[in-house]
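Participant: Quick one: the structure is below, and I'll ask about it shortly.
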Amino acid sequence: MLSLKRGLEYFLAFLFVSLILMVSWQVFSRYVLADPSTVTEELARFLLIWLIFFGATYTFIEKGHLAFELFLEKYESKIPLRSFVSLLVIFLGMILFFGGTNLVYTIFTLGQKTAVLEIPMGLIYLAAPLNGILIIYYAAKDFLEGNA
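Position one of the sequence shown corresponds to residue 92 (my numbering), numbered consecutively onward.
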């Protein structure tokens, strides 16, 4: 599904540019205006969390984890590891999805909010189950297509 991957690329670009703008404004307001912005500090932290989660998922989709590929190349001739690794990744994606969903539900139930912006913390933690779904989808797709 090219459109999902393309959408993820655009979303990552948006997160990255937003993070650069937030940090740049933070530096400018701190050192030039001598009045640091507390809002940008909190937003930058949350953008970084989402950027890391979605960036790791995108790297997995692109098969860009170097150590993973080197391991498979070294041992693939001895045992069929790719299918096993795909099933393992699906299992880990399920842990990320169900654990993340449980965390988001708990945080929303408790009503925890961020300190400055008062955004529900569940929105920040929502990155975990969303990435779990993406990882499960792409790992299952690779497994079923024999690309694992």
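Yeah, the Cβ is synthetic: ideal placement off N, Cα and C, and Gly gets one too.
Taking the alpha helix (DSSP H) that S128 belongs to, which residues open and close that run?
Facilitator: Here the question's residue 128 lines up with position 37 in the sequence shown. Counting along the chain, S128 falls outside any alpha helix (DSSP H), and DSSP gives it neither H nor E.
Participant: Quick one: residues in its chain with C-beta nearer than 6 angstroms to the C-beta of F213, no 5 flanking neighbours on either side, listed in chain order?
Facilitator: Against the sequence shown, residue 213 aligns to sequence position 122. One detail in the question is off: residue 213 reads as Gly in this sequence, not Phe. Contacts found: V195, I198 and F199.
Participant: Does DSSP put K96 in a helix, a strand or coil?
Facilitator: The residue labelled residue 96 in the question sits at position 5 within the sequence shown. Three-state result, K96: helix.
Participant: Answer with buried or exposed for S115, where buried requires no fewer than 16 other C-beta atoms within 10 angstroms of its C-beta.
Facilitator: Taking the sequence shown and counting its residues from 1, one reaches residue 115 at position 24. Classification of S115: exposed, given that the 10 Å Cβ count is below 16.
Participant: Taking Cβ positions, are L138 and L99 nearer each other than 8 angstroms?
Facilitator: Indexing the sequence shown from 1 puts residue 138 at position 47. Indexing the sequence shown from 1 puts residue 99 at position 8. Cβ atoms of L138 and L99: not closer than 8 angstroms.
Participant: Are there 16 or more other CB atoms within 10 angstroms of the CB of Y101, so buried, or fewer, so exposed?
Facilitator: As a working note, residue 101 is residue 10 in the sequence shown. Exposed, by the Cβ-count rule.
Participant: Can you tell me whether DSSP reads K154 as helix, strand or coil?
Facilitator: Counted from its first residue, the sequence shown places residue 154 at position 63. Coil.
Participant: Alpha carbon to alpha carbon, what distance is there between L142 and R136?
Facilitator: For the purposes of this step, residue 136 is identified with residue 45 of the sequence shown, where counting begins at 1. For the purposes of this step, residue 142 is identified with residue 51 of the sequence shown, where counting begins at 1. If I take the Cα positions, the gap works out to 10 angstroms.
Participant: In whole angstroms, give me the CA-to-CA distance for R110 and Q117.
Facilitator: Reading the sequence shown from its first residue, position 19 is the one you call residue 110. Reading the sequence shown from its first residue, position 26 is the one you call residue 117. Residue identity differs from the one stated: residue 110 is Leu in this sequence, not Arg. Going by the C-alpha atoms only, they are around 10 angstroms apart.
Participant: Look at the Cβ atom of F188, then the Cβ atom of I215, and state whether they are nearer than 8 angstroms.
Facilitator: Taking the first residue of the sequence shown as position 1, residue 188 is located at position 97. Taking the first residue of the sequence shown as position 1, residue 215 is located at position 124. Not closer than 8 angstroms, so no.
Participant: Which whole-angstrom value describes the C-beta separation of A230 and I186, a residue pair presumed to lie in contact below a C-beta threshold of 8 angstroms?
Facilitator: In the sequence shown, the residue the question calls residue 230 occupies position 139. In the sequence shown, the residue the question calls residue 186 occupies position 95. Actually they are not in contact, since the Cβ atoms of A230 and I186 sit about 13 angstroms apart, beyond 8 angstroms.
Participant: Measure the beta-carbon distance from E132 to L208 and round it to whole angstroms, keeping in mind my assumption that it falls under 8 angstroms.
Facilitator: Numbered from its first residue, the sequence shown carries residue 132 at position 41. Numbered from its first residue, the sequence shown carries residue 208 at position 117. That pair is no contact at about 10 angstroms.
Participant: Measure the CB-CB distance between A218 and F151 and report whether it falls below 8 angstroms.
Facilitator: The residue given as residue 218 occupies position 127 in the sequence shown. The residue given as residue 151 occupies position 60 in the sequence shown. Their beta carbons are not under 8 angstroms apart, which means A218 does not touch F151 by this criterion.
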